[in-house]
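What follows is a set of notes on a single structure, which appears directly below.
There are 4 protein chains.
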Amino acid sequence: MIKVAVLGATGYAGIELVRILSSHPEVSIEFLGSKSFSGQKISQVYQNFEHILDIECKEIDLDEIAKCDVAFTALPHGASKTVIPDLINRGLKVIDLSGDFRYDDIKVYEQWYKQEHSAPELLAESVYGLCELHRDKIKSARLIGNPGCYTTCSILGAAPLLAKGYAKTDNIIVDAKSGVTGAGRGLALAYHFCECTENTKAYKIATHRHTSEIEQELSKLAGENIMISFTPHLIPQKRGILSTIYINLNQKHTTEEIAELYKQYYKDEYFVRIKDAGQLPETKHVAGSNFVDIGIVVDERLNRAVIVSTIDNIFKGAAGQAVQNMNIMFGLDEKTGIDNAGFYL
Amino acid sequence: MIKVAVLGATGYAGIELVRILSSHPEVSIEFLGSKSFSGQKISQVYQNFEHILDIECKEIDLDEIAKCDVAFTALPHGASKTVIPDLINRGLKVIDLSGDFRYDDIKVYEQWYKQEHSAPELLAESVYGLCELHRDKIKSARLIGNPGCYTTCSILGAAPLLAKGYAKTDNIIVDAKSGVTGAGRGLALAYHFCECTENTKAYKIATHRHTSEIEQELSKLAGENIMISFTPHLIPQKRGILSTIYINLNQKHTTEEIAELYKQYYKDEYFVRIKDAGQLPETKHVAGSNFVDIGIVVDERLNRAVIVSTIDNIFKGAAGQAVQNMNIMFGLDEKTGIDNAGFYL
Amino acid sequence: MIKVAVLGATGYAGIELVRILSSHPEVSIEFLGSKSFSGQKISQVYQNFEHILDIECKEIDLDEIAKCDVAFTALPHGASKTVIPDLINRGLKVIDLSGDFRYDDIKVYEQWYKQEHSAPELLAESVYGLCELHRDKIKSARLIGNPGCYTTCSILGAAPLLAKGYAKTDNIIVDAKSGVTGAGRGLALAYHFCECTENTKAYKIATHRHTSEIEQELSKLAGENIMISFTPHLIPQKRGILSTIYINLNQKHTTEEIAELYKQYYKDEYFVRIKDAGQLPETKHVAGSNFVDIGIVVDERLNRAVIVSTIDNIFKGAAGQAVQNMNIMFGLDEKTGIDNAGFYL
Amino acid sequence: MIKVAVLGATGYAGIELVRILSSHPEVSIEFLGSKSFSGQKISQVYQNFEHILDIECKEIDLDEIAKCDVAFTALPHGASKTVIPDLINRGLKVIDLSGDFRYDDIKVYEQWYKQEHSAPELLAESVYGLCELHRDKIKSARLIGNPGCYTTCSILGAAPLLAKGYAKTDNIIVDAKSGVTGAGRGLALAYHFCECTENTKAYKIATHRHTSEIEQELSKLAGENIMISFTPHLIPQKRGILSTIYINLNQKHTTEEIAELYKQYYKDEYFVRIKDAGQLPETKHVAGSNFVDIGIVVDERLNRAVIVSTIDNIFKGAAGQAVQNMNIMFGLDEKTGIDNAGFYL
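Residue numbers (my numbering), protein chains in the order written: chain L, 1 to 345; chain G, 1001 to 1345; chain R, 2001 to 2345; chain Y, 3001 to 3345.
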């Protein structure tokens, strides 16, 4: 059994990790860190866990955590930086759900996060944990920068066109819609039920940090420097991201041809499901699962591909992918513990 | 492996069964019956199943179904009656999710369902599959009448007070609120999104069929003939039933005492979770799970117990309990395949 | 034109007042008090008011407010007590939306609110502003205790049976369901979108303050001391309260007879709509309006009336009724400015 | 008083018309046409109208309708074509909410609607009723093609950049999100509550009819033939459309400059509200009102404007704009009866 610690266990990404790990057949949950709820049982903070998991939440205690094999750090951006070097030094593998270890270039991090990076040497070593693109490096990594939710959805949606040279790269637009769990459990007026329900809005246009993460990966895939428009929206549902991606094609293609390109590109990827021409994904098809569903329409009038990519933002976009990373790092079947159908209902 | 057939697989109860069974370690899904979608793959009808389950839905074919060990029948009320005798004759165990096999007294069925019963001899043999109350009979049953959603929630919420003689029985009121999956997938104006969202209503006051099911079981527990008020309400959410039950006590008791009574009564029941005094259940604690959460408040001014009982209507209230029944009938650990925490999010 | 001040204008009851008053033909909004948003225009705090109302929110300034004819005080329970005596002394009429001036008996207030009353002499003078029951006293009142949302809905639902002597009074149960605007705009984890949506729960069973308000009014109507069970629930919608009220009848009656009793009792009440036998109200029928919709079912098996009463909690249950009170106090047609159909959609 | 008929009164656009007209001070509702509910009172079909409007719904009766001054036709696409010529001949003004009379070029209509146009001569005469752009022609029109919901929102969002020559016209992308009222009241599995809630999806990519309407108007504004990408999405709310519009600028500009351009362009338009730089619109700011809220961000890295435009799809996007058209046609103040703040809550 793999002994795991979850730090930041009572946030939404954290508790989804706990939920997934609690039925993972190869895992033993040993430590749950929570600043806000230390001293309380997890089954009191999230009463859905009564009779399932009774562990007490604790302040971070490095000595105790050191007995684990792997730590998932779902701490506020920045907070994880002080803890993670210690854990690495003590020999744990770390899968970090913050933005701190997702970058190839420290300058990009510092530009978009508006702060100095506190562990540049670890950043250099860390692996970007987008499993479908970086599986080989993940296998031997000590430290994973687990990708953002918007970024997982958007990068996987665009990857084949860029990797295979079908895309004109100067007018790529990603228009993304996210459920409210993506905003986390912190209190803010914007997330009050009466402010969220029956409401849709865009936010952080042209400035959202995930822009830089998407650009980094698409640039690598295309072999050139790419800048995109990325617009996040908040929609009145809990789970789900749907990215609508607009990419001009550099020569004429049909929907069927591009769908076939995608099927070939992802043919060995269990968690990526490409729709046949004429079908489109919906967030309810992936909610509660680790799947990425992608549909394609080529607008032949404009020679433009419109790609719709959808994931569950806290599953494949956070906790589920973190477990997928763990499975890869520990040599398990990648699907272990995350091989379930979505909720739909 | 237990070979199972699900008839009526594409309704909401049916597809929840398929979802649960698809990750049940001792089950092999062999046959999916669907009148509306025969010829289509289940993963096309419910695209959350793509890569998980690829079986084609078929019209009912008794010869093919006969190869199974057990059939779950989630057919419209009445429709199951013609199929079930045949399946029983061919040696299958049957767990029926309709109302047809839930009654001890055929007259009660015919009075509330306004139709003749077509298989009286099977009704006489069938066992009411409320696992926590009838486990022993379920073990050896060939035919289970799987309980209704409202009834599971309400009976388990009231049972200890009646079984242990704490209740005055002439003013029992069950005020129940249900999510919309309880209404099924059929089309009706009342279930159009714009008619349901931001709306709450009561319906079928004093005439809902589940009244008779609750009365049957509470009467048996109390050892006397009981009539109750039962009022169902439709609330704007998918999953969840919450029953608020009002029972006058026949002598003075505190909340703590009644909570303790409940804990004792259900001390061996894994799927029943009794809240400590001062805590109350919420539907999100049970959504996506087989748990029944029960909270108690005694209003000492009135010497009246207010019991709040909640389940997921399509899990413990339908598909999950059906699997729990199967586990009992086949000698498996009762929790097999349904021992997960609820979704919460 | 009636010059009005709204104190606490940026809470949910306050802003609904502003919305209604902004299209009231006989009103001029002169002052908007808001502690949290003083210095900001109301059209910035609630951007739906841009081009409609551009007044700046201010800290309470008694001299400026004194120029008004009437003040609506939608301040936190307790806070209004210090301001209101001053306004009354300066000659304004005051319609207070807190619980402070709703009680006939100061002891009841102090018992349920767990604090001393700071203005007992004003409490003695104040009038309980349930328009349909106390219209005559409202006409000449200087200070109105505007009723609570649950109480308006529940009292009007039960009144005819008690006033006309049809009710047994010892087993009255009010099971009420409320949308989330009823909880106000304050931040709390319980009102985070992700905690509220897809969730229903009961709260404050047997201890909610509105219990005492309902009991006060039902006791007066019945001419005897009545204690009831009152159970509030939170449901995942913004607007709407639906109270399901159980009252044993002291002799046999049909649904039609009781419906007729209600129609007679409310025959001059424009804002009360009694459903014909066989029809039941829904919250979407009243959302955004000042109407109270009431449906009746007599369960003849039990000789028990089940009354379903519904209002919009922040309209008839708060802001709309406050305006109705103002209309009565200033001799306007009672319907002025609040005579619109509900939203439905 | 203007005598009005509403044909198709019981669909969602129709009933919103009835709701608005029922409190319009210059209107008398004389005829409500409804095929599905003929013979029933409107207050039975939509019970929010009880005590407000008691008219019976009828099958279309041209003689009776002929007594009116104006008819709003909210009939299924195509059905209105047979009725409208008759009404025009009888001297009524007609405001048609279908797509039949929105086109300058019959070929465009026939290409996108896949059917012959049945009244080409009326199409030639009809005026496209986007009030902010075609007010002068509307004044004297007999027949208005009331714009689509997506189109109103999207055209007004893009108009200033195109009219003023700031836009590169070859990469215009409109990514639009709509509430479910936009789909109408007809029954379909896709609009079942349980299929819609907690779900977002794109549909009819590159083929939605509103594409052609947007292209027609943007082309006229720009003085050149424009083709765009238009992607509609369905989001889990009742009211509201939010269009996110991407337009490359043909020279460098700041957000402030473009916001100023918009403010100038719409400086006389009461119903268009331009956000200051740094602010963005939300659907809840416009729900229940006739306003169009528009926010602007210029992504200076890409020299691309991202415009967010939002309306209430059944108010400004259908019924409210229809009333605005009527006001203009009958010489009333354009704001009459539609000058209310949005609901927000």
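A virtual CB, placed ideally from N, CA and C, is assigned to each residue, including glycine.
All figures in this text were calculated on a predicted structure; none of them were measured in a lab.
Query	Result
Under a CB-based cut-off of 9 Å, is Y3353/Y close to chain G?	Only positions 3001 to 3345 of chain Y appear in this structure, which leaves residue 3353/Y out of reach.
Whose Cβ in chain Y lies nearer than 8 Å to the Cβ of C194/L?	L3345
Using beta carbons (cut-off 9 Å, strictly below), is I1214/G in contact with chain R?	no
Rounding to the nearest angstrom, what Cα-Cα distance links E346/L and E217/L in this structure?	Nothing in the structure corresponds to residue 346/L, since chain L is present only between 1 and 345.
Sort out for me which residues DSSP pairs E2056/R with in a bridge.	K2041/R
Quick check on this structure: which residue in K263/L, L242/L, V323/L and G278/L has the alpha carbon closest to the alpha carbon of V286/L?	L242/L
At 4 residues or longer, and completely inside the region 138-183 of chain L: list those alpha helix (DSSP H) runs for me, N to C.	149-163
Residues of chain Y with CB under 9 Å from T1197/G, in chain order?	V3180, F3193, C3196, T3197, P3236, Q3237 and K3238
Do G288/L and D312/L have their C-beta atoms closer together than 9 Å?	yes
Nearest to F2314/R by CA position, among N2171/R, Y2012/R and R2090/R, is which residue?	Per the sequence shown, the amino acid found at residue 2314/R is Ile instead of Phe. Of the candidates N2171/R, Y2012/R and R2090/R, the one whose C-alpha sits nearest the C-alpha of I2314/R is Y2012/R.
Please name the residue, chosen from A2163/R, R2135/R and L2234/R, that lies closest to A2202/R on a Cα-to-Cα basis.	L2234/R
Are the beta-carbon atoms belonging to C1149/G and G1317/G less than 9 Å from one another?	yes
Taking only three categories from DSSP, how would you classify D2096/R?	strand
Alpha carbons only, please: which of A206/L, A277/L and N303/L is nearest the one belonging to I294/L?	A277/L
How big is the Cα-Cα spacing for S2219/R and R2239/R?	29 Å
Can you name, in chain order, every residue of its own chain whose Cβ lies under 8 Å from the Cβ of A183/L, other than the five neighbours on each side?	A190, Y191 and L234
Could you tell me whether the region 3301-3310 of chain Y touches the region 3246-3253 of chain Y, where touching means 3 or more Cβ pairs closer than 8 Å?	yes
Relative to the C-alpha of D3061/Y, which candidate in G3039/Y, I3052/Y and Q3044/Y has its C-alpha closest?	G3039/Y
Nearest CA to the CA of S2309/R: which residue from T1200/G, Q1324/G, T1310/G and R1209/G?	T1200/G
Going along chain G in order, which residues have a C-beta closer than 7 Å to the C-beta of N340/L?	S1023
Check the DSSP bridge columns for N2248/R and list the partner residues they point to.	R2304/R
To which residues of the same chain is I3119/Y closer than 6 Å at the C-beta, ignoring the five residues directly before and after it?	The amino acid occupying residue 3119/Y in the given sequence is Ala; Ile does not appear at that position. Correct list, in chain order: K3081 and P3085.
Mapping DSSP to helix, strand and coil, what is Y1265/G?	helix
Hey, does R3135/Y have any beta-carbon neighbour from chain R nearer than 9 Å?	no
Is the number of C-beta pairs between the region 1164-1175 of chain G and the region 3172-3182 of chain Y that are closer than 8 Å three or more?	no
Tell me which same chain residues have a C-beta within less than 7 Å of the C-beta of A322/L, skipping the five on either side of it?	L17, F72, I95, L97 and N146
Flag this pair as yes or no: are the beta carbons of K1003/G and S1036/G separated by less than 9 Å?	no
Going by the CB atoms, is the gap between C3057/Y and V1180/G shorter than 9 Å?	no
Following the continuous alpha helix (DSSP H) through T82/L, name the residue where it begins and the one where it ends.	S80 to N89
Is the beta carbon of H2134/R sitting closer than 9 Å to the one on V2127/R?	yes
Just verifying my parser: in three-state terms, what is the DSSP assignment at Y2191/R?	helix
Give the interface partners of D299/L over in chain Y, defined as CB-CB distance under 8 Å, in chain order.	I3205, A3206 and S3229
At a Cβ threshold of 9 Å, is R2185/R touching chain L?	yes
Cα separation between A163/L and E269/L?	16 Å
At the 9 Å Cβ level, is D1175/G part of the contact set with chain R, yes or no?	yes
Return the residue from the list A341/L, I228/L and M326/L that minimises the CA-CA distance to S140/L.	M326/L
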